[in-house]
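Going line by line, the protein sequences match chains A and B. Mapping of the first sequence onto UniProt numbering: position 181 corresponds to residue 181, and the numbering continues sequentially without gaps. Mapping of the second sequence onto UniProt numbering: position 317 corresponds to residue 317, and the numbering continues sequentially without gaps. We put the beta carbon where it would ideally sit given N, CA and C, even for glycine. Reading through the structure tokens given below for one structure.
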Amino acid sequence: MIHSLFIINSSGDVFLEKHWRSVISRSVCDYYLEAQRANPNDISPVIATPHHYLISIQRGGVSFVAVCMEEIPPLFVIEFLHRVVDTFQDYFSDCTESIIKENYVVIYELLDEMLDNGFPLATESNILKELIKPPNILRTIANTVTGKTNVSEVLPTGQLSNIPWRRTGVKYTNNEAYFDVIEEVDAIIDKSGATVFAEIQGYIDCCIKLSGMPDLTLSFMNPRLFDDVSFHPCVRFKRWEAERVLSFIPPDGNFRLISYHISSQSVVAIPIYVRHNLSIKTGEQGRLDLTVGPKQTLGRTVEAVKIEVLMPKCILNCVLTANQGKYNFDPVSKILHWDIGRIDVTKLPNIRGSVSIASGSNTAEINPSINVHFTINQLAVSGLKVNRLDMYGEKYKPFKGVKYITKAGRFQIRM
Amino acid sequence: MNKAIVSENRLLDSSNIDDNLQALKRITTLMSSGVDVSCFFPFVVKKIVSDCLEVKRLVYLYILRYAEKEAELILMSVNTFQKDIKHTDPFIRANALRALTGIRLKLLAPIMLTAVQGSARDFFPYVRKITAHALLKIYALDATLKDSLIEILIQLLHDRSLIVLGGSLLAFQNICPERHDLLHAHYRTIVRRSVDFDEWSQLIALQLLTQYGRVQFANPNRDGKSFDNSSSEGSVATLKALDPDHKWNMHLIIKVLIITIIINRLLLECMHNLFYSRNGAVVLEVCKLYYYLAPYSEFSQIGRAMCRFVASRKEISYSFLLNIETMSKRHPEIFTPHLQSFLVYTSDPLQIKLTKISILLNLLNDSNVSILFNELKMYSTNENPKLCEAGVQGLVYCVSLFPKYYKLCLKSLFRLITSKKEYLIEKGTVALRNLLQTSPKVDMRIVRYLSRKYLKGSIKTTEAQLSVLWLVGEFAYNENWALQVLQTAVKNYKNLDDEVKLQVLNFVSKLHVANVESSAEYLEYIFFLAKNDQNTDIRERTCFLSSLLVGSLISAAEVHKVLLSRKSVCFPKVPSSTNRDLVLGTLSHLLKRKVCGYRELPKFSPTAGGSSLREKVTESAESQYGKIWVERESIDSLVMTPQHVD
């Protein structure tokens with residue numbers, strides 16, 4: 001069971017604490033802060049102290065540290081903390097230190113609703129939103145005028161029905177259902193340009209604003225593509241296993257319907273290549289030359305391309321010229337950022353120039369790597385296509401839309 | 001501060017709800033940022049009678065924070081709580097019950113018990129769920145009430161509503177996890193409806209079922225074979241083999257066995273759906289259930305589901321990797337098809353990188369050794385010393401399994417030694433020592449090369465020096481150049497680390513055994529220095545060695561045997577970051593030590609195992625036997641039943 005939660009900012013201030021059982025002194029966070037000071041990017045998710053266990057996550061520059069005192073599945077705590085952050089993001093559209101500080105009361109109430117005595121009570125955002133209304137300017141004004149409050153006066157309907165993720169009595173004038181198919185390519189490319197490993201992590205994020213209790217069925221042209229999937233609890237597993245269609249009564253608003261995984265066993269198209277040449281010899285100036293170009297993009301343009309080169313420690317500085325975009329080199333973290341933007345096929349982006357090397361350093365064994373970011377609109381790189389969306393249970397005709405996006409996930413090239 | 005108190009108190013005393021709210025919100029803000037606001041207690045607690053729900057909730061939040069400090073004032077408000085628990089609005093009832101049972105005063109336990117007894121029969125499921133949660137809070141306060149609490153729990157376990165059942169399973173797990181007899185009647189409901197539970201209740205249900213399954217079911221993997229419900233003849237044969245004298249009633253045994261296997265089937269089939277969960281904790285728990293209860297033939301599903309989360313957020317990924325590491329040690333076949341998910345990214349945090357490498361080493365086999373060897377070679381040149389060490393150790397491990405990689409490994413280790421970075425030289429030297437120790441025939445050229453590097457002074461770190469001295473002492477004590485190494489060691493003796501000093505003592509003794517005349521002076525000199533060393537270990541070692549060499553207690557041949565016999569070869573092991581004996585997915589497993597509240601996984605009950613078997617026939621099987629053949633059909637029909645229908 002989770003005893004307490006501390007929220008800590010990047011400079012090490014504990015700015016929110018919530019205890020579900022007896023109060024635990026915030027000095028327990030010192031163990032965490034010590035780890036944070038030692039290496040802010042590499043904090044162990046579980047830290048054992050003499051009497052407590054600290055389980056933590058970091059998101060958006062804010063650390064969430066849960067304190068436990070006895071045996072508990074660590075993953076349960078980690079998943080829960082992520083769910084807390086997701087809920088905050090859903091409520092306040094972001095989860096930063098200043099937003100939390102502005103909304104102390106709502107956050108405190110939310111935390112109390114989400115955990116009872118250290119065990120999850122209500123974590124579905126639809127239920128929570130009925131219990132504690134998210135703040136918005138209109139409501140704040142209305143509340144001051146009418147004297148109403150942000151807290152629900154009645155038991156949320158979701159808690160009573162068999163469909164706890166959806167509230168009843170939803171009404172919209174425009175009924176809309178949007179589906180975003182997002183695919184992220186994870187890949188490791190070796191020195192010679194051969195693919196060591198590539199797979200696709202995909203998601204379908206929905207924004208569904210439909211009145212009443214719609215029962216939706218989403219089918220795909222090629223459902224056999226999926227290697228492994230996980231669903232929002234609203235999806236009926238049996239229909240999926242039998243017919244490979246997604247049948248569900250959606251929650252109201254934004255949610256992730258399904259995440260899928262297309263693993264390395266199937267052939268994954270690599271939409272971009274980087275030709276690289278880094279020649280350095282001991283005691284001399286080195287030369288760097290990078291060219292980026294599209295590979296298998298099915299005729300789409302590659303946009304928002306960014307390159308991060310993790311240089312070896314011996315490199316002091318880079319003087320380069322790029323024919324497109326801007327670059328900068330951070331001599332502390334040794335990362336070269338190059339923001340390219342859209343790739344023009346007729347004139348491939350190129351950056352070249354000299355790098356200065358610390359004297360006396362050995363350059364025989366260095367293996368820098370390149371992280372690549374890109375976006376391709378209107379393409380799902382796996383070839384996944386939504387076939388149709390049917391709605392049962394309601395009479396009106398909804399507006400439907402599907403959008404495809406391919407992005408780089410962890411796309412790494414070894415130099 | 002005093003001024004503030006006065007103004008807040010004035011607002012709280014006001015009859016205007018807005019004023020009250022304003023004050024309470026300010027107090028809550030202060031409280032959540034960690035300021036001690038207990039001074040407001042008498043004023044806040046008065047407001048519990050307010051009709052406004054938000055005021056009430058904020059008062060509850062406040063009371064729960066400071067109740068322990070102000071026991072007497074709390075007692076005054078108990079009446080209001082009792083009134084609210086009987087309120088007509090179910091929401092107020094639930095909130096009041098939650099707040100009352102959240103107060104950690106043992107004094108109040110009997111009052112809570114009365115309240116819970118009433119609300120267990122509430123009309124609204126939500127209130128009953130809160131009641132179930134309340135049970136374990138009361139139990140934590142006063143364990144002597146266990147029996148009365150179990151009575152209420154039994155009542156709640158019969159509840160038809162899923163949210164109540166989820167809550168009561170939580171209470172069950174915390175109050176009386178050993179009472180499997182209470183679960184028998186609900187087992188099938190829990191198994192079939194688990195899909196419709198909320199995620200966190202699924203987690204509890206899975207934990208309970210894993211424990212339950214271990215005690216109640218037969219081991220599906222006995223004798224290394226897995227048997228299925230279809231192969232009942234096979235199981236009969238197995239049974240006959242187990243019970244050659246026909247001491248027991250065969251008929252009964254077979255019945256029980258088939259029953260347990262079918263139930264097991266139902267469990268696995270229903271839980272299979274939970275592999276689709278978006279919640280990593282649930283998926284890990286299902287994988288655990290399969291790992292501990294399923295026949296080996298079904299293990300492949302575990303691998304696929306777990307690898308999906310390796311690419312997840314770093315904390316989730318880390319938890320999964322640790323469990324994969326332990327699983328892959330015993331059952332590498334689960335994960336070998338997904339080998340590539342464990343390749344290391346430069347952007348991974350260090351812990352994840354190291355865990356991935358040890359998983360890769362667990363998965364090493366004939367078909368993937370060439371890929372892995374190249375990967376390891378790359379890691380061994382990394383800028384991070386820890387990763388480099390893991391890579392180098394991996395290379396040596398590779399060679400210990402696949403001797404044909406000896407030359408390639410040697411080559412990459414040599415490249416490390418020739419670099420200028422100290423840590424690379426250190427790791428390379430230590431690995432070379434391991435490699436030479438395990439190889440049947442020692443290549444003298446390598447020892448010679450290392451000693452030359454030592455003479456040049458380019459081997460500086462303790463570990464590396466230890467390795468070189470050991471190698472020369474062990475394999476090259478006869479060579480002329482060994483004396484040069486000794487010379488250098490003696491020259492620097494004063495500035496050496498204690499560990500190295502010990503090694504120098506050993507080294508000089510070894511040379512002395514082989515070559516008495518030329519090393520006598522050095523021996524004398526070093527023993528003289530070491531005898532007067534500050535470190536007791538060094539003094540003792542000197543005593544031991546000098547009595548061995550200088551004194552004539554034993555013959556020269558025996559001394560030779562003591563010091564220079566070929567040391568037994570210890571093959572390098574894959575460094576493990578977890579303890580595989582502890583139950584997967586637990587905090588104890590992650591921390592490698594038993595944490596308070598840790599529960600062992602029970603051993604499979606030996607189905608054909610004497611009296612315990614018959615007891616089970618009477619208590620569980622007999623009662624379920626009538627329904628068991630219906631069970632089989634219902635497995636099929638289950639596939640067809642739509643979900644989310646109560």
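Reduced DSSP secondary structure (H/G/I, E/B, other) of A:GLU70: In this structure, A:GLU70 counts as coil in the three-state DSSP scheme.
Three-state secondary structure assigned by DSSP to A:ALA322: strand
Beta-carbon gap between B:VAL504 and B:SER519 smaller than 8 Å: no
Distance, A:LYS407 Cα to B:TYR379 Cα: Looking at the two C-alpha atoms, the distance is approximately 27 Å.
Residue-level contact to chain B via CB, A:VAL28, 8 Å cutoff: no
B:GLY224 burial status per 10 Å Cβ neighbour count (16 or more: buried): With a pLDDT of 48 at B:GLY224, under the threshold of 50, the modelled position of that residue is not reliable, and the figure given next carries that caveat. By the neighbour-count rule (16 or more Cβ atoms within 10 Å), B:GLY224 is not buried but exposed.
Chain A contact for B:TRP200 (CB, 8 Å cutoff): yes
Exposed unless 16 or more other CB atoms sit within 10 angstroms - verdict on A:GLU303: exposed
Whether A:ILE100 touches A:ILE7 by CB criterion (8 Å): yes
Proximal residues, the segment 23–38 of chain B versus chain D, C-beta separation under 7 Å: The structure shown contains no chain D; the protein chains it does contain are A and B.
For A:HIS373, three-class secondary structure by DSSP: strand
Cβ contact (3+ pairs, closer than 8 Å) linking the segment 30–39 of chain A and the segment 291–303 of chain B: Contact between the segment 30–39 of chain A and the segment 291–303 of chain B is absent, because fewer than three Cβ pairs lie under 8 Å.
Outcome for B:CYS287 when other beta-carbon atoms lying within 10 angstroms are tallied against a minimum of 16: buried
Backbone CA spacing between B:ILE316 and A:ASN328 [nearest angstrom]: Straight across, the Cα-Cα distance linking B:ILE316 with A:ASN328 is about 33 Å.
Inter-residue Cα distance where the pair is A:TYR32 and A:ASN41: 13 Å
Separation of B:ASN384 from B:LEU424, as counted between CA atoms: 10 Å
Any chain A beta carbon closer than 8 Å to B:MET271: no
Check whether B:LEU502 and B:ARG539 have beta carbons under 8 Å apart: no
Spatial distance of B:SER33 from A:GLU17 (CA atoms): Each residue's alpha carbon lies about 6 Å from the other.
Nearest residue (CA-CA) to A:HIS19, options B:MET327, B:ILE63 and B:VAL45: B:ILE63
Backbone secondary structure at A:ILE270 - three-state DSSP: Under the three-state reduction of DSSP output, A:ILE270 falls in the coil class, being neither helix nor strand.
Closer than 8 Å at the beta carbon, the chain B residues around A:ARG244: Simply none; closest approach about 13 Å.
Cutoff 7 Å; reference B:PHE124; Cβ partners in own chain excluding five residues on either side: PRO90
Rounded straight-line distance, which links the Cα of B:PRO403 to that of B:LEU471: 21 Å
Cα-Cα separation, B:ARG415 to A:PRO294: 36 Å
C-alpha gap between A:ILE189 and A:VAL196, whole angstroms: 5 Å
Below-8 Å beta-carbon distance, A:VAL332 vs any chain B residue: no
Where B:ASN229 sits in the DSSP three-state scheme: Here B:ASN229 scores only 41 on pLDDT, less than 50, and its place in the model should not be relied on; the value that follows carries that caveat. Reduced to three states, the DSSP call for B:ASN229 is coil.
Secondary structure, alpha helix (DSSP H): runs of 4+ residues fully inside the segment 391–449 of chain B: As far as the segment 391–449 of chain B is concerned, its whole alpha helix (DSSP H) runs of at least 4 residues are 406–418 and 422–438.
Contacting positions in the segment 82–109 of chain A - beta carbon closer than 9 Å to chain B: HIS82, ARG83, LYS101, TYR104, VAL105, ILE107, TYR108 and GLU109
Rounded C-alpha distance that separates B:ASP636 from B:LEU266: Note that B:ASP636 has pLDDT 35, beneath the 50 cutoff, so the model's placement of it is unreliable and the number below is only indicative. Answer to the nearest angstrom: the Cα atoms are 10 Å apart.
Contact between the segment 266–285 of chain B and the segment 67–85 of chain A (3+ Cβ pairs under 8 Å): yes
Cβ neighbours of B:VAL191 in the same chain (closer than 8 Å, five flanking residues each side left out): LEU209, LEU266, LEU267, CYS270 and MET271
A:ALA269 CB to nearest heavy atom of the ligand MN below 7 Å: This structure does not include the ligand MN; it has no bound ligands of any sort.
Partner residues on chain B for residue 438 of chain A, Cβ-Cβ distance less than 8 Å: Residue 438 of chain A lies beyond the stretch modelled for chain A, which goes from 1 to 415, so this question has no answer here.
The segment 434–445 of chain B / the segment 473–483 of chain B touching (three or more Cβ pairs under 8 Å): yes
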